[in-house]
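Asks: First the structure, then my questions, so here it is.
In the working numbering, the protein residues as written are 175 to 599.
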């Protein structure tokens with residue numbers, strides 16, 4: 175998790191290792207991704223349709239492949255889309271370089287590599303006391319501001335320095351381990367799983383404003399902070415149950431500091447107690463392998479299935495143009511130049527975070543490009559990666575929840591970004 179400089183960029187070791195591994199398997203990674211989606215769909219059919227009664231749903235195999243009919247369809251679609259893109263068969267809209275081709279050839283190799291290392295190293299974050307210590311130290315900041323436990327600060331750091339997908343993975347595992355309640359997991363997953371600083375550089379470069387990176391990223395951070403305070407206090411996130419994954423209630427006294435201890439000593443005590451539970455290296459390795467396997471066989475097919483459908487809708491239908499029309503008066507009210515052109519880029523970010531930057535790059539007004547680029551980062555929920563990942567985990571959010579959170583984040587962050595843009599320009 176410690177930030178390092180690599181190739182003149184700030185990153186974290188997991189992201190660096192994933193990038194190296196991606197280069198090592200570059201010649202075969204597309205085939206591996208296709209194989210994963212096919213195996214996941216096939217075993218899901220076998221276990222869910224023909225062997226559901228004979229397999230314990232709580233076992234490791236059961237948790238992977240005994241799924242509901244909806245998710246079975248999604249996995250089968252993911253496998254079908256992967257095959258169609260690889261062989262370029264079927265409707266061209268599916269395997270086009272801006273739809274399924276974008277996912278299979280550009281995104282999937284990154285996810286495949288990140289999942290392996292993030293999954294393997296995740297027990298080092300979860301099992302040795304770091305979250306207990308950090309959670310106690312940051313509880314007096316995270317609770318009042320975001321209504322979250324202090325350990326959520328780790329998720330935020332993971333996402334902003336490394337990759338939002340790692341943050342979602344970390345949040346999902348803590349939810350399954352009854353660390354986060356349903357509301358907390360939904361809030362963390364939809365609020366702090368931002369893209370990395372590195373990807374932000376790519377976005378600002380796409381719109382030709384790399385020289386404005388400092389004010390651009392300042393706008394992103396300020397808008398993200400405001401959204402993190404406001405959006406979790408509104409539906410649908412505020413309506414999520416404050417219970418654990420099994421329906422039990424959290425202990426109201428769990429976060430209290432004993433009278434004879436200070437914040438640091440209590441956090442250190444909790445951390446040592448947690449690490450003392452680890453007695454065998456083999457258990458750590460097994461947990462890591464299970465994490466990596468789960469993310470590869472569960473999340474990758476979902477991202478491929480949901481992401482392809484979203485990108486096809488964005489590329490070949492006017493759906494996102496229609497959805498963007500109500501934002502024209504809002505943008506005009508805020509004084510954003512070329513509001514009509516900007517409105518088309520606002521909602522399309524729900525399909526893929528990079529699409530707004532591509533669409534707005536040809537707009538002449540620099541302030542408009544600045545606003546749309548910053549907004550695309552702070553919107554955070556996009557179905558080609560983070561959104562589909564959230565849907566693929568057990569975090570209690572559905573696609574309707576994600577769309578409303580996306581809209582709320584858009585409405586809340588846009589005035590903040592425009593304010594910064596007006597100061598800069």
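For every residue, glycine included, the Cβ atom is placed at its ideal position computed from N, Cα and C. Just so it is clear, the structure is predicted and the values come from calculations on it, not from any experiment.
1) Please check the pair residue 508 and residue 588, which I expect to be a contact at CB under 8 Å, by giving their CB distance rounded to whole angstroms.
2) Between residue 302 and the rest of its own chain, which residues show a CB-CB distance below 6 Å, the 5 nearest in sequence each way excluded?
3) Look up residue 180 in the DSSP assignment and say whether it is helix, strand or coil.
4) Is it right to say residue 440 is buried, meaning 16 or more other beta carbons lie within 10 angstroms of its own, or is it exposed?
5) Where does residue 115 land, buried or exposed, given buried means 16+ other C-beta within 10 angstroms?
6) So, is residue 522 buried or exposed, given that buried needs 16 or more other C-beta atoms within 10 angstroms?
7) Quick one: give me the first and last residue of the alpha helix (DSSP H) that residue 193 is part of.
8) Relative to the C-alpha of residue 487, which candidate in 222, 202, 274 has its C-alpha closest?
9) Give the single residue among 528, 364, 548, 272 whose Cα lies nearest to the Cα of residue 565.
10) Answer with buried or exposed for residue 559, where buried requires no fewer than 16 other C-beta atoms within 10 angstroms of its C-beta.
11) Please report how far the alpha carbon of residue 550 lies from the alpha carbon of residue 402, in whole angstroms.
12) Please list, in chain order, all residues of the same chain as residue 180 whose beta carbon is under 6 Å from its beta carbon, the five residues on each side excluded.
13) Could you give the first and the last residue of the continuous alpha helix (DSSP H) run that contains residue 553?
14) Leaving out five residues on either side along the sequence, give the residues of the same chain with a beta carbon under 7 Å from the beta carbon of residue 322.
15) Could you tell me how far apart the beta carbons of residue 477 and residue 562 are, in whole angstroms, since I believe they sit closer than 8 Å?
16) Quick one, which of 490, 392, 530, 399 has its alpha-carbon nearest residue 543's?
17) Between residue 419 and residue 568, how many whole angstroms is the CB-CB distance? I'm expecting something under 8 Å.
18) Please check the pair residue 311 and residue 438, which I expect to be a contact at CB under 8 Å, by giving their CB distance rounded to whole angstroms.
19) Output yes or no for whether 8 Å exceeds the beta carbon distance between residue 318 and residue 414.
20) Excluding sequence positions up to five away, which residues of its chain have a Cβ less than 7 Å from the Cβ of residue 394?
21) Have a look at 260, 212, 271 and flag the residue whose alpha-carbon is nearest the alpha-carbon of residue 246.
22) Is it buried or exposed, residue 205, if we count other Cβ atoms within 10 angstroms and call 16 or more buried?
23) Restricting to runs no shorter than 4 residues, where is the alpha helix (DSSP H) found entirely within the region 275-329?
24) Between residue 519 and residue 533, which are expected to be in contact by the criterion C-beta below 8 Å, what is the C-beta distance as a whole number of angstroms?
25) Go ahead and pull the three-state DSSP assignment for residue 417.
26) Between residue 508 and chain D, is there a C-beta pair that is closer than 8 Å?
27) Looking at the unbroken alpha helix (DSSP H) that takes in residue 559, where does it start and where does it end?
28) Ends of the alpha helix (DSSP H) at residue 354?
Replies: According to the structure data:
1) The Cβ separation is near 7 Å, so the contact holds.
2) Excluding residues up to 5 positions away in sequence, 449 lie with their Cβ nearer than 6 Å to the Cβ of residue 302 in the same chain.
3) Reduced to three states, the DSSP call for residue 180 is strand.
4) Burial is judged here by how many other beta carbons sit within 10 angstroms of a residue's own beta carbon; residue 440 has at least 16 and is buried.
5) Past the edges of the chain, shown from 175 to 599, lies residue 115, and the structure says nothing about it.
6) With at least 16 other beta carbons inside 10 angstroms of its own, residue 522 counts as buried.
7) That run of the alpha helix (DSSP H) goes 187-198.
8) Taking only the C-alpha atoms, the option nearest residue 487 is 274.
9) Residue 364 is the option with its Cα nearest to residue 565.
10) By the C-beta density criterion, residue 559 is buried, having at least 16 other C-beta atoms within 10 angstroms.
11) A straight-line Cα-Cα distance of about 16 Å links residue 550 and residue 402.
12) Correct list, in chain order: 190.
13) First-last of the alpha helix (DSSP H) with residue 553: 540-553.
14) Setting aside the 5 residues that flank it on each side, residue 322 is surrounded in the same chain by 316, 358, 361, 362, each with a C-beta closer than 7 Å to its C-beta; the list follows chain order.
15) Their Cβ separation, rounded to whole angstroms, is 4 Å, which keeps residue 477 and residue 562 in contact under 8 Å.
16) It is 530.
17) Between residue 568 and residue 419 the Cβ distance is about 7 Å, and since that is below 8 Å, they are a contact.
18) That pair is a contact at about 7 Å.
19) Their beta carbons are not under 8 Å apart, which means residue 318 does not touch residue 414 by this criterion.
20) Around residue 394: 374, 548, 551, 552.
21) Selected option, being the one with the closest Cα: 212.
22) It counts as exposed.
23) DSSP runs (the alpha helix (DSSP H)) wholly in the region 275-329: 282-300, 304-320.
24) Contact holds; Cβ gap of about 5 Å.
25) Correct three-state label for residue 417: coil.
26) No chain D is part of this structure, which consists of one protein chain only.
27) Note, residue 559: premise wrong, no alpha helix (DSSP H); not H, not E.
28) Where residue 354 is concerned, there is no enclosing alpha helix (DSSP H), given that its DSSP letter is neither H nor E.
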